[in-house]
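A quick write-up on the structure given underneath.
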Amino acid sequence: MSGTQKQSMDITDLQVEGYERVAKAVDADSGLHAYISVHSTALGPALGGMRMWPYESEDAALTDVLRLSKGMTYKSAVAHTGLGGGKAVVIGAPKKIKSEALFLAMGRFIDAFDGKYITAEDVNIAVSDLEIVRRSTKYVTGLLAKDGGSGNPSPYTAYGVYLGVRAALGWKLGNDSVQGRSVAVQGVGAVGSELCRRLRKGGARVLVSDQKADRVQVLVDEIGVEAVDSEAIMGLDVDVLAPCALGAIVNDESIGKLRCQVIAGAANNVLHEQRHGRELRERGILYAPDYVINAGGIINVAGELGEGGYDQESALRRIERIPQALKEVWTIAEQEGIPASDAADHLAQKILSQAV
Ligand code: NAD
1 MSGTQKQSMD
11 ITDLQVEGYE
21 RVAKAVDADS
31 GLHAYISVHS
41 TALGPALGGM
51 RMWPYESEDA
61 ALTDVLRLSK
71 GMTYKSAVAH
81 TGLGGGKAVV
91 IGAPKKIKSE
101 ALFLAMGRFI
111 DAFDGKYITA
121 EDVNIAVSDL
131 EIVRRSTKYV
141 TGLLAKDGGS
151 GNPSPYTAYG
161 VYLGVRAALG
171 WKLGNDSVQG
181 RSVAVQGVGA
191 VGSELCRRLR
201 KGGARVLVSD
211 QKADRVQVLV
221 DEIGVEAVDS
231 EAIMGLDVDV
241 LAPCALGAIV
251 NDESIGKLRC
261 QVIAGAANNV
271 LHEQRHGREL
281 RERGILYAPD
291 YVINAGGIIN
301 VAGELGEGGY
311 DQESALRRIE
321 RIPQALKEVW
331 TIAEQEGIPA
341 SDAADHLAQK
351 ILSQAV
């Protein structure tokens, strides 16, 4: 370990095998306590969001930043964004610790990576927070369109998921139209609600659940989705189950209840453990791996870093390649007789190995 001083902040590098740079920052003045992990820059600078969370321990924060940054490497590799994988976590409860001084200090921490890590929004971080961060570093994406950013990524994620749902229907059932198909959407927040709109427009029957009943009601009134109990959504006899709320929803408890043909949604880490991917395959359920199908947001944000800045049209054309990436994954899965979740990792590793 080696410590360096930048303004009042202590930045300590940690040696973690398989990771390019992992560092911890502690800033007594602002109360900042954070980690940044750059897993790989083999394909480009490491882009990944900044998460704020009241982790129970240092270990929990470190484990999370390592897991998430590696995930970003794989996601960006398969999406061909020209970016590597990184992530930042800030330890603490948002209501207690958020301050201008803390975000300015976080900007200085990011700046100490000299552009190898580029930040964006993630859990508990708002665009207004990033506006402060960017006063002390230029390595910030996901700002408002009026500030030269690409704006809210959620509609782009939803567009990619919609295209992915269609690709999955085509692969599994031989026809990629959503007309007359049934789709159960778990969670109708920023991404899920937009997905529902696209599905209804395409003529699908859409069944939704959300812990927030008002969000469901808005969609019942607006586009005629059907409200379903949160407990029941996983076991519906539908063509597609689209998880758009939480991770780990395919687990030992839920897997026996599934009656869908396809699982394709926006949520990250849908499988509780990698072995659940194998079980889905054995049950004949086609899985669209999470980081392949939900890459629309990162593809859109990556557009900010391209030559000439962000261009919506070219971002949309890139998102439209998600079905191709999924088909590549399912082809590998079939050829090698492995779960789609493993096939996605193999594809990412192959792309990475060709870069070095
Ligand atoms: P969001 O917070 O706007 O929406 C999530 C919704 O899920 C909320 O309405 C919440 O009430 C609901 N919910 C929570 N627990 C639930 C449960 N047990 N049953 C039913 N509903 C429940 O989040 P979002 O931005 O729409 O993202 C949805 C998922 O997609 C998350 O897992 C996120 O990590 C992932 N994702 C989002 C993006 C993006 O661009 N926003 C990109 C990639 C992945």
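In the working numbering, the protein residues as written are 1 to 356. Ideal Cβ placement from N, Cα and C applies to all residues, glycine included.
Between the options, which has its C-alpha nearest residue i's C-alpha?
i, options, result
"residue 159", "54, 192 and 95", "192"
"residue 240", "50, 144, 167 and 327", "167"
"residue 62", "156, 259 and 12", "12"
"residue 50", "161, 285, 125 and 40", "125"
"residue 178", "267, 204 and 55", "204"
"residue 233", "98, 206 and 108", "206"
"residue 66", "90, 42, 36 and 55", "36"
"residue 262", "280, 42, 313 and 271", "280"
"residue 147", "128, 156 and 16", "128"
"residue 59", "38, 89 and 71", "89"
"residue 237", "288, 277 and 185", "185"
"residue 283", "224, 141, 340 and 136", "340"
"residue 44", "73, 228, 144 and 274", "73"
"residue 80", "324, 342 and 338", "324"
"residue 274", "311, 258, 317 and 338", "338"
"residue 222", "355, 197 and 211", "197"
"residue 319", "156, 171, 270 and 306", "156"
Would you check whether the ligand NAD has a heavy atom nearer than 7 Å to the C-beta of residue i?
i, result
"residue 210", "yes"
"residue 215", "yes"
"residue 153", "yes"
"residue 189", "yes"
"residue 196", "no"
"residue 244", "yes"
"residue 142", "no"
"residue 186", "yes"
"residue 266", "yes"
"residue 174", "no"
"residue 192", "yes"
"residue 247", "yes"
"residue 230", "yes"
"residue 41", "no"
"residue 294", "yes"
"residue 81", "no"
"residue 157", "yes"
Exposed or buried, what is residue i when buried is set at 16 or more other beta-carbons lying within 10 Å of its beta-carbon?
i, result
"residue 344", "buried"
"residue 246", "exposed"
"residue 18", "exposed"
"residue 329", "buried"
"residue 10", "exposed"
"residue 336", "exposed"
"residue 331", "exposed"
"residue 300", "buried"
"residue 397", "The requested residue 397 does not occur in the structure, where the chain is confined to residues 1 to 356."
"residue 154", "buried"
"residue 8", "exposed"
"residue 253", "exposed"
"residue 30", "buried"
"residue 56", "exposed"
"residue 27", "buried"
"residue 349", "exposed"
"residue 95", "exposed"
Are residue i and residue j close, meaning C-beta to C-beta below 8 Å?
i, j, result
"residue 150", "residue 303", "yes"
"residue 199", "residue 106", "no"
"residue 326", "residue 164", "yes"
"residue 182", "residue 209", "no"
"residue 46", "residue 82", "no"
"residue 293", "residue 322", "yes"
"residue 187", "residue 244", "yes"
"residue 116", "residue 41", "yes"
"residue 265", "residue 242", "yes"
"residue 54", "residue 92", "yes"
"residue 133", "residue 97", "no"
"residue 235", "residue 215", "no"
"residue 228", "residue 219", "no"
"residue 267", "residue 290", "yes"
Per the DSSP calculation, residue i is bridged to which residue(s)?
i, result
"residue 243", "186"
"residue 86", "38"
"residue 53", "91"
"residue 27", "9 and 32"
"residue 227", "208"
"residue 220", "Beta-bridge pairing links residue 220 to no other residue."
"residue 119", "140"
"residue 47", "85 and 118"
"residue 287", "263"
"residue 250", "271"
"residue 21", "38"
"residue 369", "Since the first and last residues shown for the chain are 1 and 356, residue 369 lies out of range."
"residue 358", "Here the chain has residues from 1 to 356 only, and residue 358 is not among them."
Any heavy atom of the ligand ADP closer than 7 Å to the beta-carbon of residue i?
i, result
"residue 297", "This structure does not include the ligand ADP; its bound ligands are the ligand NAD."
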